[in-house]
Amino acid sequence: MTLVFTLSAARSLADPAAAFADARRWSAHVGIVANDAGAVEAFCERHDLENDYALRDWDKWGTLADVREATDTPRHVFVGTGPEDRRLADTVGLEFRSVDEAAGKAGWPLGDPDSSAREADAGLVARLRRTVTDGPWWPF
């Protein structure tokens, strides 16, 4: 199986490292995709996760299409959080599961939604900071 999480779905897990370790027992490929590769890298580093998918400087649609094409497994599952993620899975040809459903079936506890929101906000602040400091006008 190829298992792909959105960053928001991975953030919903109480213990992402334990969930990924469990998923690796029955999945050939496990990882996270998002529109912000830097946020995914930071999340993976913070939780000591190995992401099997190479993230590029484009959106999760392009990355997920690459994952689908590059992985030769009998089943491709995309774990997301809402209707946009379901649409993406349908368009790219992956089976969609909500994080609630996937976590329930796998026995993974979900985390505190408030802490996920704080982490998402921290990611936004970091992206804005990088945009300002990495721009061509810096350090003026």
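Following full-length UniProt numbering, the numbering of the sequence shown begins with 1 at its first residue and continues without gaps. Even for Gly, the Cβ is constructed at its ideal location relative to N, Cα and C.
{"Check": "What residue range is occupied by the uninterrupted alpha helix (DSSP H) comprising THR6?", "Outcome": "Premise fails: THR6 lies in the beta strand (DSSP E), 2–6, not in any alpha helix (DSSP H)."}
{"Check": "What residue from ARG24, ALA21, THR91 and PHE5 has the CA that sits closest to ALA65's CA?", "Outcome": "THR91"}
{"Check": "Could you give the distance in angstroms between the alpha-carbon of VAL77 and the alpha-carbon of LEU3?", "Outcome": "5 Å"}
{"Check": "Report all residues from its chain with a CB closer than 7 Å to the CB of ASP48; omit the five preceding and five following residues, and keep chain order.", "Outcome": "ALA17"}
{"Check": "Are ALA23 and VAL33 closer than 8 Å when you measure CB to CB?", "Outcome": "no"}
{"Check": "Quick check on the burial criterion: 16 or more other C-beta atoms within 10 angstroms. Buried or exposed for ASP52?", "Outcome": "buried"}
{"Check": "Hey, how far is the Cα of LYS60 from the Cα of VAL67?", "Outcome": "10 Å"}
{"Check": "Would THR6 be called buried (16 or more neighbouring beta carbons within 10 Å of its own) or exposed?", "Outcome": "buried"}
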